[in-house]
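Remarks on the structure that follows.
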Amino acid sequence: MKKVIHQYLGQAIKKYRSKALKQRARSYTFLYTPILAIVLFTCAMGLILWTLNYQDKNQQQYTLYRESAFAKQRILLRFAANEDAILELSREISNSASKAQYPESFLKLSTKLIQDSPEILQLRWLDSRQNRIATLPNNPSYSKWSDRTSIKSVLDTELNVIFSEAAESNKATYGRMLGFHPAENETSNTDRQYVFWHVTPIIQNGAVTGGIATLYSGKRILQHMVPSELNGLYRFALVDSSGKELVSSNPKRSSSRSLEHNVTLDKTPIPLTLHVSTYPPPTNLTYRTLLWLVIGLSSFVLWSLWSVWKQTSKRYSIQKDLQTETNFRRAMEESITIGLRAHDMQGKITYVNPAFCEMTGWTRHELVGMSPPFPYWSSELVPDLTQKMAVALKGNSPKAGFEAILQKKNGVKINSRTFVSPLIDEKGEQSGWISSIVDITEPIKARQELALAQERFTTVLESLDAAVSVISLQSGELLFANKYYRETFGNTTKAHLDLAGHEINPEDVGALDIDSVDGFAGLPASALTPTQSDFREIQINQTKLWYEVRRRYISWVDGHLAQLMIATDITARKKVEDQTREQEEKLQFSSRLTTMGEMASSLAHELNQPLAAISNYCTGIANRLKSQQNIDIEKDILPAIEKATKQAHRAGTIIQRIRGFVKRSQPQSVLVNVATIIEDSVGLAEIEAQRYGVQISISFADNLPKVFLDPILIQQVLVNLLKNAIDAIKNIPVKVNSSKLIKLGVDIDNSVSPAMLRIRVMDQGPGIPEDALERLYEPFFSTKHDGMGMGLNICRSIIESHHGRLWAENNAPEKDQPGIGCTFTILLPLDK
Ligand code: ADP
1 MKKVIHQYLG QAIKKYRSKA LKQRARSYTF LYTPILAIVL FTCAMGLILW TLNYQDKNQQ
61 QYTLYRESAF AKQRILLRFA ANEDAILELS REISNSASKA QYPESFLKLS TKLIQDSPEI
121 LQLRWLDSRQ NRIATLPNNP SYSKWSDRTS IKSVLDTELN VIFSEAAESN KATYGRMLGF
181 HPAENETSNT DRQYVFWHVT PIIQNGAVTG GIATLYSGKR ILQHMVPSEL NGLYRFALVD
241 SSGKELVSSN PKRSSSRSLE HNVTLDKTPI PLTLHVSTYP PPTNLTYRTL LWLVIGLSSF
301 VLWSLWSVWK QTSKRYSIQK DLQTETNFRR AMEESITIGL RAHDMQGKIT YVNPAFCEMT
361 GWTRHELVGM SPPFPYWSSE LVPDLTQKMA VALKGNSPKA GFEAILQKKN GVKINSRTFV
421 SPLIDEKGEQ SGWISSIVDI TEPIKARQEL ALAQERFTTV LESLDAAVSV ISLQSGELLF
481 ANKYYRETFG NTTKAHLDLA GHEINPEDVG ALDIDSVDGF AGLPASALTP TQSDFREIQI
541 NQTKLWYEVR RRYISWVDGH LAQLMIATDI TARKKVEDQT REQEEKLQFS SRLTTMGEMA
601 SSLAHELNQP LAAISNYCTG IANRLKSQQN IDIEKDILPA IEKATKQAHR AGTIIQRIRG
661 FVKRSQPQSV LVNVATIIED SVGLAEIEAQ RYGVQISISF ADNLPKVFLD PILIQQVLVN
721 LLKNAIDAIK NIPVKVNSSK LIKLGVDIDN SVSPAMLRIR VMDQGPGIPE DALERLYEPF
781 FSTKHDGMGM GLNICRSIIE SHHGRLWAEN NAPEKDQPGI GCTFTILLPL DK
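For the sequence shown, the UniProt record's numbering gives the first residue as 1, with consecutive numbering after it.
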């Protein structure tokens with residue numbers, strides 16, 4: 001079963017979890033679309049921007065190629081133009097008549113060339129032996145520079161080589177690029193850092209008669225041969241075959257972002273390369289703006305999405321709370337057993353909950369729209385309930401509601417309590433009434449049953465043969481007392497406190513604050529535990545009655561601490577216990593007595609011999625004295641000797657009697673003379689009687705027959721009766737000249753048939769109380785502090801074993817007697 005429940009629970013939890021996960025996933029689905037849209041938008045914008053950028057770069061590259069080609073073409077064209085101009089100049093020289101003189105045209109042409117081509121640093125007219133005929137321009141700084149020893153030798157050596165090549169080949173020839181470190185004072189002038197020669201031979205009549213050498217400046221080539229409009233747009237540089245940059249149009253190196261292109265200028269023997277690179281592209285405002293706009297827009301959209309998400313999750317959580325609240329309310333509404341009913345202002349039902357439907361047996365569909373009187377009202381109560389409802393709808397419904405008997409559709413009636421309160425709408429205005437109906441059938445039944453149980457309980461408590469009482473420990477008042485208590489002790493706390501032993505002083509307890517735990521620190525902790533109650537036996541002084549008292553601390557119905565006490569009267573039990581104890585003591589005493597009896601028996605045996613001897617000696621002496629017939633002796637000594645003999649004899653008789661009294665145990669009936677038994681008995685009792693000054697008078701009727709009985713047992717009875725009589729009378733004060741007297745009378749009782757021997761022992765003691773008369777023969781009944789209470793019991797058994805009777809009665813009061821006294825009568829059968 002447990003396993004099945006666990007399985008079921010496990011499945012339920014799994015189901016709930018997957019449902020919760022699905023719900024959670026569903027709650028964020030709304031975010032997917034905008035996020036996807038933003039991602040797509042950003043990608044598209046990125047692609048567009050990249051494409052634009054790519055196209056732009058391509059365009060730039062293409063332009064760079066074109067412009068580079070254009071620059072190269074312009075440079076080569078310029079070289080070609082310069083070559084043509086020099087060629088013409090050489091022709092002019094070869095055509096002139098005098099070599100020694102500058103032809104006019106040479107000067108004109110060369111000046112023009114120098115002016116038109118600033119890239120040419122120097123122009124020299126050389127004869128066949130390479131002697132300078134003319135040098136243009138006649139610039140002293142150039143002359144100074146080129147004539148500097150270190151430079152001059154390099155320049156001249158190179159010129160010599162190139163000149164030879166040109167003369168040999170009969171063609172204009174270009175020399176190698178020569179690099180010079182600028183002189184100290186020329187640091188700023190970079191024109192002359194890299195230069196190369198160009199020599200055009202002057203041919204006259206098929207022979208080389210000289211040459212025109214032009215010195216080109218690398219720097220100026222870039223400055224003047226590259227079209228100026230391109231110079232502003234690109235950085236141009238001349239690079240040698242090893243890739244080393246020799247001169248550039250801009251000393252600033254191109255950045256990594258620049259586009260580059262190389263074109264070869266094959267003018268010098270080691271071909272030069274023109275390196276063209278773009279300047280770092282100017283900030284593309286449109287592109288950047290667009291980029292930032294896209295980033296900004298995307299961020300904005302993301303931010304708005306985030307805020308929407310935040311809002312939505314907040315809303316979602318509120319919605320969830322609302323849903324939970326709604327579910328909770330619905331569950332509550334459906335699970336509560338209290339019927340709920342809403343009315344409009346006229347009392348028409350607008351809503352009922354399932355509990356109400358169940359209560360009345362009508363469906364919601366049937367109930368909604370009904371107006372009072374409702375069909376579920378018990379028919380006999382309709383006028384009353386209509387009136388109560390009208391009052392309630394006026395807002396005057398009692399706070400405790402009103403009770404009504406509802407009748408279900410199936411006729412079953414139920415007790416209910418209805419509470420009506422106003423229904424307030426969201427605007428704060430009353431839109432109707434709402435009633436809650438509680439089924440109180442069960443509580444009423446329970447209350448009745450409780451009352452019955454209470455009654456039963458009270459009846460039991462009231463008829464209990466013990467006093468039950470409860471006192472408040474706070475106020476000390478008597479909270480409950482049953483009938484026994486009230487009747488025995490009255491309706492006060494005194495008896496409770498007496499019986500409880502005053503251990504809780506109500507005044508002290510009353511001063512305590514019941515709410516403070518510490519206040520009870522002084523109370524006996526064990527008594528506070530509900531399972532324990534203490535137990536004690538106590539005797540009430542006034543009544544001398546014993547009670548067994550049980551006490552317990554209980555929580556009273558009002559929650560306060562109280563003490564419950566149950567007191568049972570145990571006086572009777574106590575008495576029995578005391579008696580038993582006394583009887584035990586007496587038994588012990590009896591056993592001691594038996595021992596003493598045995599001792600007395602052996603003592604008697606031992607004393608008998610010497611006493612007999614004394615008696616014999618005395619008799620002998622008396623006989624001797626008598627035989628001497630001396631009057632004096634007979635008068636003075638003989639009586640004394642005879643008295644001694646008599647006393648010795650008497651002592652012997654006493655001893656004999658004691659022995660016989662003690663020794664005999666088995667009854668042995670014989671035909672005896674009653675008088676003898678009486679005398680023997682009196683003889684035994686007399687010793688004690690004399691001690692207390694009690695006289696025993698014996699009276700015999702005439703002609704008493706012999707009776708068949710056990711003399712020792714009857715003697716024992718008589719001794720016991722006489723002893724009791726002595727005990728009764730011995731302490732009674734008597735008047736002067738009168739004595740304490742016990743009368744012992746023996747006669748024949750003819751009032752009974754057949755006639756019986758009657759022995760009566762009559763004393764003048766206090767008599768026997770009426771209640772004691774009946775109990776005299778009970779074993780161990782005694783009123784004496786040292787009495788064993790077995791005497792009369794044994795006496796009666798002995799008499800009854802002789803088929804006789806023994807009883808006691810108080811005497812009729814007589815004048816001049818110390819007490820009324822009592823008489824014990826023995827009746828014994830005369831025949832066997
Ligand atoms: P015990 O003498 O040891 O008390 P008994 O059985 O002989 O026992 O006597 C029982 C009780 O009867 C006595 O304790 C006494 O109260 C009462 N009783 C007996 N004889 C007399 C008497 N002559 N007068 C008054 N009470 C007597």
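Note that beta-carbon positions come from the ideal geometry of N, C-alpha and C, so glycine has one too.
By Cβ distance below 7 Å, which residues in the same chain neighbour TYR777 in space, the five residues on each side in sequence not counted? LEU792, ASN793, ARG796
Following a CB-centred definition, is MET790 positioned closer than 7 Å to any heavy atom of ligand 1? yes
Euclidean distance between Cα positions of GLU679 and ASN623: 29 Å
Within the region 787–825, ranges of the beta strand (DSSP E) (whole runs, at least 3 residues): 805–810
Between ILE748 and ligand 1, is the CB less than 7 Å from at least one heavy atom? no
Per-residue DSSP class, three states only, for residue 902: Outside the displayed range of the chain (1 to 832) lies residue 902, so it cannot be described from this structure.
Tell me whether THR529 sits in a helix, a strand or coil according to DSSP, three-state version. Only weak support exists for where THR529 lies, its pLDDT of 44 falling under 50; the coordinates are left without a value.
Quick check on this structure: which residue in SER153, SER469, ARG148, THR135 has the alpha carbon closest to the alpha carbon of residue 836? The structure shown does not extend to residue 836, since the chain is modelled only from 1 through 832, so no value can be given for it.
Which of helix, strand or coil does DSSP assign to ALA71? helix
On the three-pair Cβ rule with 8 Å, is the region 334–341 touching the region 49–68? no
C-beta contact flag for residue 834 and MET359 at 8 Å: In the structure displayed, the chain extends from 1 to 832; residue 834 sits before or after that span and is not available.
By the three-class DSSP mapping on this structure, what secondary structure does LEU512 have? Caution is warranted here: a pLDDT of 43 is assigned to LEU512, below 50, making its placement in the model unreliable, and the coordinate value is therefore given only provisionally. Correct three-state label for LEU512: coil.
Suppose contacts are defined by Cβ-Cβ distances below 8 Å. Is PRO118 in contact with HIS224 by that definition? yes
Pull up the DSSP beta-bridge partners for PRO201, would you. GLY211
Going by C-alpha to C-alpha distance, which of SER94, ASN95, ASN82, PRO375 sits closest to THR111? ASN82
Can you check which of these residues, ASP558, TRP309, GLY232, ARG456, is closest to LEU473 by C-alpha distance? ASP558
Counting along the chain, where does the beta strand (DSSP E) carrying ASP344 start and finish? 339–344
Start-to-end residues for the beta strand (DSSP E) that takes in residue 852: Beyond the ends of the chain as shown, which are 1 and 832, falls residue 852; an answer cannot be given.
Nearest to SER228 (by Cα), restricted to the options ARG74, ILE696, SER105: ARG74
Let me make sure I understand the geometry here. Which of PRO779, ASP786, GLU814, VAL717 has the alpha-carbon closest to that of ILE826? VAL717
Under 7 Å from any heavy atom of ligand 1, does the C-beta of CYS822 make it? yes
Sequence-distant residues of its chain with Cβ nearer than 6 Å to GLU260 (five each side left out): SER277
Does the separation of the CB atoms of PRO769 and ALA728 fall below 8 Å? no
Quick one: using the 10 Å Cβ neighbour count with 16 as the cut-off for buried, is PRO201 buried or exposed? buried
Are VAL707 and VAL674 touching if we call contact CB-CB under 8 Å? yes
When you measure from the CB of GLY745 to every non-hydrogen atom of ligand 1, does any distance come out below 7 Å? no
Who are the Cβ neighbours of GLY510 in its own chain at under 6 Å, not counting the five residues just before and after it? A caution first: GLY510 carries a pLDDT of 45, below 50, which makes its placement in the model unreliable, though a value can still be read off. Closer than 6 Å at the Cβ level, and outside the excluded window around GLY510, lie GLN474, SER475, GLY476.
From ASN724, HIS365, ARG650, CYS618, residue whose alpha carbon lies closest to that of ALA640: CYS618
Element boundaries [beta strand (DSSP E), containing LEU381]: Here LEU381 belongs to no beta strand (DSSP E), and DSSP marks it neither H nor E.
Between the CA atoms of TYR351 and GLN323 - distance to the nearest angstrom: 21 Å
Buried or exposed: ASN720, going by 16 or more other Cβ atoms within 10 Å of its Cβ? buried
Could you tell me whether any non-hydrogen atom of ligand 1 is closer than 7 Å to the CB of ILE798? no
Is it true that the CB of LEU238 sits closer than 8 Å to the CB of LEU222? yes
Can you give me the C-alpha to C-alpha distance between GLN60 and GLU168, rounded to a whole angstrom? 46 Å
Please determine if the region 684–699 and the region 802–817 are in contact, where contact requires at least 3 C-beta pairs separated by less than 8 Å. no
Could you check whether the Cβ of LYS626 sits closer than 7 Å to any heavy atom belonging to ligand 1? no
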